[in-house]
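Report on the following structure.
Protein chains in written order, with the working numbering: chain A, 1 to 404; chain B, 405 to 493.
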């Protein structure tokens, strides 16, 4: 079977931290949180009042390839991130053709359009937007990317909640590795900081009314975020042929499902995803220098994830730097794995593990002390990114330094 | 002080009604020393109970370690009474 080496030649990010993959990495490295007060006029008696949302001003300042009547903001986020990644890869001329696929996930799709139009229809009594369907459909962002740059290869939109983006990148990696396509534009996008989605998460009692504190004993929930992260990945051969500089290599991917509980995560499934990724990469756990954890700061996730890491890393667990950067960019659901992959790339390239903000005390049930305070120097060729989703869907990606 | 005690008893009685309804447990078997596990009150029921507490008392309680560690009906009542009494959640 054909097996190509798969490299990343472009990365783009748009989040509450601003536009740019470097901006996101710098925010994570320096512990600069994009979380801010977020109030929705439609919500009576809103209890949780913070999120890492993208303001209208910031969106308008960075918008590209806009078709205002045809796109929800979730597609606008994706296009901003894709434009950056594609320019960095040196492919901005477009016309990418049949050899390029677009595999871009999303959890909620056009959430703002859905929210506004259900409100208009049921409460305000005004007409619905005739473009609701094409703006809401979850695959719209992937399609806008394919149309904008003429990528006529396969388009997939993977919607697996919080694993949407990591699984998209993993699927794209497999497709490129096995020679199905030469190149992919991949990642995830989410525009979920809108009143209806926010209230739905509040109802589940997993949003923190105070601060997002991953792995800390006093953690009491997650902080919602949004945005888009996009990577351009291609065979090493294709990158070399056009003189493109690889940022990093995707060396391993593992995915598994718990087939257990819809909401309660299982360390067995999570451990399996990490082990599969290491087997795929052909590396030992001790060779991984940093893990960007899923680390939602919910009680259940952090206990489960630490147990899974302890199982996989064994004796090497004490030597690996771990942090969740969700207090910085929020939990961006279907974009989470993409934003966090970009942070993980930053960590790998800078040889620095970013800090886990808001950690105050060890939790004996977690038994993990993440990187706290300043970013911590690491010396490693490999960094791992975890994503775990409701539905019991686990995904782990391992990135390696660019081939020498 | 005496009034506070009276108020809490009334509040706890109201909360027992609420727990029985939201967790779909017979009010008669909802003894204070009963274990939540034995009553088959699981995390999904907690979400419903916490939602009802928000609707009735205006208090947002997210799932934290303290909540995850509750063992008995009395533990649950104690935590709910404490959170309801806190000035600003």
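Built from N, CA and C at the ideal position, the CB exists for glycine as well. Keep in mind the model is a prediction, meaning the values are calculated, not measured.
First through last residue of the beta strand (DSSP E) which encompasses residue i
i: residue 5 (chain A); result: Note, residue 5 (chain A): premise wrong, no beta strand (DSSP E); not H, not E.
i: residue 395 (chain A); result: 393-400
i: residue 118 (chain A); result: Where residue 118 (chain A) is concerned, there is no enclosing beta strand (DSSP E), although the alpha helix (DSSP H) it sits in stretches over 111-119.
i: residue 251 (chain A); result: 248-257
Coarse secondary structure for residue i, derived from DSSP in three states
i: residue 71 (chain A); result: coil
i: residue 372 (chain A); result: coil
i: residue 384 (chain A); result: strand
i: residue 185 (chain A); result: strand
i: residue 43 (chain A); result: coil
i: residue 294 (chain A); result: coil
i: residue 180 (chain A); result: coil
i: residue 126 (chain A); result: coil
i: residue 170 (chain A); result: helix
i: residue 13 (chain A); result: strand
i: residue 222 (chain A); result: strand
i: residue 413 (chain B); result: helix
Opening and closing residue of the alpha helix (DSSP H) in which residue i lies
i: residue 148 (chain A); result: 140-149
i: residue 310 (chain A); result: 299-313
i: residue 23 (chain A); result: 21-30
i: residue 213 (chain A); result: Where residue 213 (chain A) is concerned, there is no enclosing alpha helix (DSSP H), given that its DSSP letter is neither H nor E.
i: residue 441 (chain B); result: Counting along the chain, residue 441 (chain B) falls outside any alpha helix (DSSP H), and DSSP gives it neither H nor E.
i: residue 339 (chain A); result: 336-350
i: residue 471 (chain B); result: 469-472
Proximity winner among the options, relative to residue i (alpha-carbon distances)
i: residue 161 (chain A); options: A:190, A:183 and A:170; result: A:190
i: residue 315 (chain A); options: A:306, A:384, A:325 and A:285; result: A:285
i: residue 321 (chain A); options: A:363, A:296, A:153 and A:373; result: A:373
i: residue 89 (chain A); options: A:10, A:251 and A:19; result: A:10
i: residue 418 (chain B); options: B:491, B:485 and B:490; result: B:485
i: residue 181 (chain A); options: A:229, A:237, A:159 and A:357; result: A:237
i: residue 262 (chain A); options: A:45, A:392, A:70 and A:54; result: A:392
i: residue 139 (chain A); options: A:102, A:169 and A:152; result: A:102
i: residue 185 (chain A); options: A:79, A:15 and A:49; result: A:79
i: residue 476 (chain B); options: B:459, B:430, B:425 and B:435; result: B:435
i: residue 318 (chain A); options: A:280, A:368, A:7 and A:252; result: A:368
i: residue 446 (chain B); options: B:474, B:462 and B:456; result: B:474
i: residue 355 (chain A); options: A:147, A:363 and A:343; result: A:343
Whether residue i touches residue j by CB criterion (8 Å)
i: residue 188 (chain A); j: residue 106 (chain A); result: yes
i: residue 295 (chain A); j: residue 379 (chain A); result: no
i: residue 335 (chain A); j: residue 226 (chain A); result: yes
i: residue 73 (chain A); j: residue 59 (chain A); result: yes
i: residue 332 (chain A); j: residue 230 (chain A); result: no
i: residue 568 (chain B); j: residue 427 (chain B); result: Residue 568 (chain B) cannot be examined here, being either before or after the span of chain B that is shown, 405 to 493.
i: residue 422 (chain B); j: residue 453 (chain B); result: yes
i: residue 353 (chain A); j: residue 347 (chain A); result: yes
i: residue 241 (chain A); j: residue 8 (chain A); result: no
i: residue 168 (chain A); j: residue 104 (chain A); result: yes
i: residue 270 (chain A); j: residue 394 (chain A); result: yes
Residue i beta carbon near the ligand NAD (any heavy atom closer than 7 Å)
i: residue 295 (chain A); result: As presented, the structure is devoid of all ligands, the ligand NAD included, so that no description of it is given.
task: With 9 Å as the limit, tell me which residues of the stretch 451-467 of chain B have their beta carbon closer than that to any beta carbon of chain A; keep them in chain order.
output: 451, 454, 455, 458, 462, 463, 464, 465, 466 and 467
task: Note down, in chain order, all residues in the stretch 204-235 of chain A with a beta-carbon under 8 Å from any beta-carbon belonging to chain B.
output: 204, 205, 206, 207, 208, 209, 217, 218, 219, 220 and 221
- prompt: Going along the stretch 469-493 of chain B in order, which residues come within less than 8 Å of chain A, judged by CB to CB distance?
  reply: 469, 471, 472 and 493
field: Residues from the stretch 293-304 of chain A in contact with chain B, defined by Cβ distance under 8 Å
entry: 298, 299 and 300
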